[in-house]
Amino acid sequence: MCIAIALNFLLIVDPKDVVRDDGRHIAIFKAPTIKGEISGVVSVLTDPKIIILLPAMFVGEMCLALTSSINAYYFNLRTRSLNNLLFQAIMIPAPICLAYIMDNKKIRSRRIKGLLGSVLVGLISLGAIGGLLGWVVSNHIDRTKAAPAIDWTDSAFAAGFILYVLSGIIYACFQIAVQWTLAALTNDPALCARYAGAFKGTVSFGMCISFTIDSQGMNFKKQTIVQLILYIIGWVCLLYVIAVYVKPTNYFLEDSVIVPAAFEQKVAVEGVIGSDQAEEQVIKEEIARGSLDHKAANVTQTATK
Numbered sequence: 023m024c025i026a027i028a029l030n031f032l033l034i035v036d037p038k039d040v041v042r043d044d045g046r047h048i049a050i051f052k053a054p055t056i057k058g059e060i061s062g063v064v065s066v067l068t069d070p071k072i073i074i075l076l077p078a079m080f081v082g083e084m085c086l087a088l089t090s091s092i093n094a095y096y097f098n099l100r101t102r103s104l105n106n107l108l109f110q111a112i113m114i115p116a117p118i119c120l121a122y123i124m125d126n127k128k129i130r131s132r133r134i135k136g137l138l139g140s141v142l143v144g145l146i147s148l149g150a151i152g153g154l155l156g157w158v159v160s161n162h163i164d165r166t167k168a169a170p171a172i173d174w175t176d177s178a179f180a181a182g183f184i185l186y187v188l189s190g191i192i193y194a195c196f197q198i199a200v201q202w203t204l205a206a207l208t209n210d211p212a213l214c215a216r217y218a219g220a221f222k223g224t225v226s227f228g229m230c231i232s233f234t235i236d237s238q239g240m241n242f243k244k245q246t247i248v249q250l251i252l253y254i255i256g257w258v259c260l261l262y263v264i265a266v267y268v269k270p271t272n273y274f275l276e277d278s279v280i281v282p283a284a285f286e287q288k289v290a291v292e293g294v295i296g297s298d299q300a301e302e303q304v305i306k307e308e309i310a311r312g313s314l315d316h317k318a319a320n321v322t323q324t325a326t327k
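Residues 23 to 327, numbered by our numbering, are exactly what the sequence shown covers, in order.
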């Protein structure tokens, strides 16, 4: 992590200097002010779609505390070490498979891609947590009793192992589905940054609560029931936001965002935009390059309307 921080410090590029292959900047960046940032944070926290999405953000990493405690209690040292290795390993292919669905160019509708990916993640999540609840109850997994110290050579190993690995998929993929949804709501880099802050704060709060509950000694059955209920609520909220708020595109809807040239040409040929909107993109690019200030741009835009 220290190396990553050092590399970011040395190599990170100022967003206002980022230019697409077509020569256009990604957006117009204004110098931030304290008042503007406070106003921006308040607007995000009072945005209905973000409020609805909060439960989905909250549960993104909640499974970690419960499953880690069960792993430590139920298995012996070498077996829980193996479980942890495979828990981490599954987090490589699972998101790749999810990305294939949610970023698949063969599926034209962003809303459908989002719903397909989120439905799959939700079914795996609820199936795994529901299965965990049944397993805990049927096997009388009770932290107040002596630890069974199950080894991978024992017949009792398989079910707990599978459920633990599935929790790795939940941990990796549920929050990715939420992040995909947040990214689909805007192309504005400043707003994306605020969304990212809201997500990280909320998901960390959810993890904090889950570890606090576990540290107080709540039995595994009750913890699993709590998580199952919260994941159901979060999943429903996630699907609602995708179904209602995710648009085919956000281009031409946000004042600071500069539309890629290829996309502008495509929709111009289709007759979706007029010459005024095309001229507006030219003006935005001149502002981003610093060859035109905002005051002059306002006069120019007024003259073209």
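A virtual CB, placed ideally from N, CA and C, is assigned to each residue, including glycine.
Computed from a prediction, not measured in an experiment: that's the story for all the values here.
*Just confirm the distance between the C-beta atoms of E83 and V225, as a whole number of angstroms; I'd bet it's less than 8 Å.*
Sequence index remark: in the sequence shown, residue 83 carries index 61 (1-based). Sequence index remark: in the sequence shown, residue 225 carries index 203 (1-based). At roughly 5 Å, the Cβ-Cβ gap stays under 8 Å, so E83 and V225 are in contact.
*Grouping DSSP H, G and I as helix and E and B as strand, with all else coil, what is T322?*
On the sequence shown, residue 322 is found 300 positions in, with the first residue counted as 1. Below a pLDDT of 50, predicted positions are generally treated as unreliable, and T322, at 46, falls in that range; the measurement from the model is reported next regardless. Correct three-state label for T322: helix.
*List the residues that DSSP assigns as beta-bridge partners of F183.*
Taking the first residue of the sequence shown as 1, we reach residue 183 at position 161. Paired residue(s): none; F183 is not in a bridge.
*Indicate the three-state DSSP secondary structure (helix, strand or coil) for I114 in the structure shown.*
Taking the first residue of the sequence shown as position 1, residue 114 is located at position 92. The answer is coil: DSSP assigns I114 none of H, G, I, E or B.
*So, using beta-carbon positions, are K335 and Y267 closer together than 8 Å?*
Residue 335 lies beyond the stretch modelled for the chain, which goes from 23 to 327, so this question has no answer here.
*What's the call for E292, buried or exposed, on a 16-neighbour Cβ count within 10 Å?*
To locate residue 292, count along the sequence shown from 1; it is residue 270. Answer is exposed; the Cβ neighbour count stays below 16.
_Classification of E307 by the beta-carbon crowding that lies within 10 angstroms, buried from 16 upward_ = The count along the sequence shown starts at 1 and reaches residue 307 at position 285. Classification for E307: buried.
_Can you tell me whether A78 is helix, strand or coil according to DSSP?_
Numbered from 1 along the sequence shown, position 56 holds the residue referred to as residue 78. Correct three-state label for A78: helix.
_I want to see whether chain B comes within less than 8 Å of L88, judged by CB atoms only; does it?_
In the structure shown, chain B does not exist; there is a single protein chain.
*Whole-angstrom distance between I48 and R392, CA atom to CA atom*: Residue 392 falls outside the range modelled here, since the chain spans only 23 to 327, and no answer is possible.
*Check whether the stretch 142-162 touches the stretch 62-77, taking contact to mean three or more Cβ pairs, one atom from each stretch, closer than 8 Å.*
no
*Counted within 10 angstroms of its Cβ, other Cβ atoms place R130 as buried (16 or more) or exposed*: For the purposes of this step, residue 130 is taken as the residue at position 108 of the sequence shown. Counting Cβ neighbours within 10 Å, R130 comes out exposed, since fewer than 16 surround it.
*Classify A310 as helix, strand or coil using the three-state DSSP reduction.*
Here residue 310 refers to the residue found at position 288 when the sequence shown is read from its first residue. It is helical.
*Best match in A28, I184, S65 for proximity to A212 [C-alpha to C-alpha]*: Locating residue 212 in the sequence shown gives position 190, where the first residue counts as 1. It is S65.
*asked:* Helix, strand or coil, according to DSSP, for A283 in the structure here?
replied: Counting from 1 along the sequence shown, the entry for residue 283 is found at position 261. Helix.
*Is the CB-CB distance between V187 and I112 below 8 Å?*
Indexing the sequence shown from 1 puts residue 187 at position 165. Indexing the sequence shown from 1 puts residue 112 at position 90. Result yes, Cβ atoms of V187 and I112 sit closer than 8 Å.
_Integer-rounded CB distance, given that L137 should sit under 8 Å from L261_ = As a working note, residue 261 is residue 239 in the sequence shown. As a working note, residue 137 is residue 115 in the sequence shown. That pair is a contact at about 7 Å.
*asked:* Considering just the uninterrupted stretch of the alpha helix (DSSP H) at R132, what are its terminal residues?
replied: On the sequence shown, residue 132 is found 110 positions in, with the first residue counted as 1. Run containing R132: 132-160, per the alpha helix (DSSP H) assignment.
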